[in-house]
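Please read the structure below before turning to the comments.
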Amino acid sequence: MVQASAIQYEPLKVGINTVIRTLKNS
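When the letters of the sequence shown are read in order and numbered with full-length UniProt numbering, they come out as residues 1 to 26.
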């Protein structure tokens, strides 16, 4: 169960990182 949660959470982290990068660039 924990592993499944981690796998589901990873894409979210990447998405947040991408948004932060975009905000920093602009």
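Here a beta-carbon is modelled for each residue, glycine too, at the ideal position from N, C-alpha and C. What you are looking at is a predicted structure, and each value in this text was computed from that prediction instead of being measured.
*Can you grab the Cα-Cα spacing for the pair residue 17 / residue 7, in whole Å?*
Taking the sequence shown and counting its residues from 1, one reaches residue 17 at position 17. Taking the sequence shown and counting its residues from 1, one reaches residue 7 at position 7. When rounded, the distance between both Cα atoms is 16 Å.
_On the DSSP letters alone, give me the boundaries of the alpha helix (DSSP H) that residue 38 sits inside._
Because the chain in this structure spans residues 1 to 26, residue 38 falls outside the shown range and cannot be described.
_Measuring straight from C-alpha to C-alpha, what distance separates residue 20 and residue 14?_
Taking the sequence shown and counting its residues from 1, one reaches residue 20 at position 20. Taking the sequence shown and counting its residues from 1, one reaches residue 14 at position 14. Cα-Cα distance, rounded: 10 Å.
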